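Asks: With full-length UniProt numbering applied, the sequence shown covers 1 to 305.
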Amino acid sequence: MDKLDEMAVFVAVVQQGSLAAAARTLRRSPAAVTRALAALESRLAVSLIERTTRRLSPTSAGLALFERAKGLLEDYQQALAASAGNQLSGKIRLTAPVQFGRQHITPLVLTFLELYPDIQIDLMLSDSYQDLIEQGLDMAVRIGQLRDSSLIATEVGQVQRMLVASPGYLKRCGTPLTPAMLTGHHLIASAAPAAQREWRFGGEAHQERVRITPRFTVNEVEAQLIAARGNKGIARLLSYQVYDDLQRGTLCEVLADFRPSAVPVQLVAQSVKYMPAKVRAFWDLARTSLPALDSLRGPNLSQVK
1 MDKLDEMAVF VAVVQQGSLA AAARTLRRSP AAVTRALAAL ESRLAVSLIE
51 RTTRRLSPTS AGLALFERAK GLLEDYQQAL AASAGNQLSG KIRLTAPVQF
101 GRQHITPLVL TFLELYPDIQ IDLMLSDSYQ DLIEQGLDMA VRIGQLRDSS
151 LIATEVGQVQ RMLVASPGYL KRCGTPLTPA MLTGHHLIAS AAPAAQREWR
201 FGGEAHQERV RITPRFTVNE VEAQLIAARG NKGIARLLSY QVYDDLQRGT
251 LCEVLADFRP SAVPVQLVAQ SVKYMPAKVR AFWDLARTSL PALDSLRGPN
301 LSQVK
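Structure follows, in structure tokens:
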């Protein structure tokens with residue numbers, strides 16, 4: 001195996017934290033990654049990786065080599081890019097929440113593909129948590145606080161949880177004036193396993209909780225919107241999901257004065273400094289394009305009529 005390739009395998013193992021994850025990132029078999037790492041350790045006559053039951057971590061010698069090898073590989077990639085006239089190519093793997101991905105990331109991807117004809121993009125839309133390392137993903141869009149503090153993130157907007165209903169429903173059943181009055185209404189709720197059977201209102205300091213008994217539960221946002229538009233009850237959704245309906249007047253916000261605190265929309269990756277040029281290009285496009293969306297302006301959504 002080429003010595004530079006051995007370095008690339010070693011750097012991937014350290015960054016990913018496991019042989020299996022490194023193999024997925026490099027698109028090789030775990031056996032090939034294991035052989036490359038063993039060959040490098042044998043040639044240098046030093047242990048580079050400490051193997052524990054849960055994770056691999058570099059030894060002191062491995063950490064020193066990692067820092068230098070990472071810079072060497074970055075210089076190598078930059079030299080190749082310069083020699084190729086800075087033409088970006090290859091595949092980028094992204095993930096985003098389903099509805100957000102449909103509305104905002106898919107149009108961005110299509111624009112990016114027009115700009116860079118030699119790049120391919122795999123976009124995974126999922127409302128479940130997708131681990132960047134385990135799934136071999138280059139970057140993600142996350143709504144809410146990060147679970148993994150080792151990742152880097154940049155905020156591109158804010159959203160809020162909002163209660164909405166159709167004008168027809170509110171005319172027929174009345175408009176609740178306090179969260180406690182929701183117990184007398186038909187409620188539309190998420191059926192996701194993690195969804196709680198209570199809705200929370202107000203900021204963290206003065207939070208009010210209301211136990212709910214939904215009349216209709218469903219695990220898909222668009223179905224909740226269809227039910228709310230069809231005069232079937234009050235739904236609790238994220239502000240970007242209902243933004244267009246609020247502008248058209250097909251839905252109205254309920255209990256606006258009791259909104260919970262806004263939550264961030266973030267771009268997430270393992271590293272910015274050592275991000276491949278193709279991923280950096282998409283990161284930069286998203287970082288500048290998404291903050292311009294009116295639907296990601298958090299508390300300012302009160303201006304929507």
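Where is the CB? At the ideal position from N, CA and C, for every residue including glycine.
The model shown is predicted, which means the values in this text are computed figures rather than measured ones.
So Phe258 is in the alpha helix (DSSP H); what residue range does that whole segment cover?
Replies: Premise fails: Phe258 is in no alpha helix (DSSP H) and is neither H nor E.
Asks: Indicate whether Asn219 and Ser190 have their beta-carbon atoms separated by less than 8 Å.
Replies: Against a cut-off of 8 Å, the Cβ pair of Ser190 and Asn219 comes out as a contact.
Asks: Where does Asp138 land, buried or exposed, given buried means 16+ other C-beta within 10 angstroms?
Replies: The residue in question, Asp138, is buried, as its Cβ has 16 or more Cβ neighbours within 10 Å.
Asks: Strictly under 8 Å for the Cβ-Cβ distance: is Leu293 near chain D by that measure?
Replies: This model lacks chain D altogether, as it is built from one protein chain only.
Asks: Give the DSSP-derived three-state secondary structure of Lys91 in the structure shown.
Replies: Here Lys91 sits in strand by DSSP.
Asks: Comparing C-alpha positions only, which one of Ser289, Gly136 and Leu88 sits nearest to Thr267?
Replies: Looking at the sequence itself, residue 267 is Leu, so the reference to Thr does not match. Checking every option, the nearest Cα to that of Leu267 belongs to Ser289.
Asks: So what's Gly202 in DSSP terms, helix, strand or just coil?
Replies: Gly202: coil per DSSP, three-state reduction.
Asks: Looking at the structure shown, is residue 330 part of a helix, part of a strand, or coil, going by DSSP?
Replies: Residue 330 is absent from the structure shown; the chain starts at 1 and stops at 305.
Asks: DSSP state of Ser295, grouped into three classes?
Replies: In this structure, Ser295 counts as helix in the three-state DSSP scheme.
Asks: Provide the residue span of the alpha helix (DSSP H) that contains Arg43, from first to last.
Replies: Arg43 -> alpha helix (DSSP H) spans Pro30 to Leu44.
Asks: Quick check on Asn185: buried or exposed, where buried means 16 or more other Cβ atoms within 10 Å of its Cβ?
Replies: The identity of residue 185 in the sequence shown is His, whereas the question assumes Asn. Flag for His185 reads buried.
Asks: Hey, how far is the Cα of Val265 from the Cα of Glu155?
Replies: So the two alpha carbons sit approximately 6 Å from each other.
Asks: Please go through the same chain and pick out, in chain order, the residues whose beta-carbon is closer than 7 Å to the beta-carbon of Pro291, but skip the five residues on each side of it.
Replies: Answer for Pro291: Val156 and Gly157, listed in chain order.
Asks: Identify whether Ala21 lies in helix, strand or coil by the three-state DSSP scheme.
Replies: In the structure shown, Ala21 sits in a helix (DSSP, three-state: H, G or I).
Asks: Anyone know if the C-beta pair for Pro179 and Leu255 falls short of 8 Å?
Replies: For Pro179 and Leu255, yes; Cβs fall inside 8 Å.
Asks: I need the boundaries of the beta strand (DSSP E) containing Gly157, first residue and last residue.
Replies: Residues Ile152 to Val159.
Asks: Going by DSSP, name the residue or residues bridged to Ser57.
Replies: Answer is Glu50.
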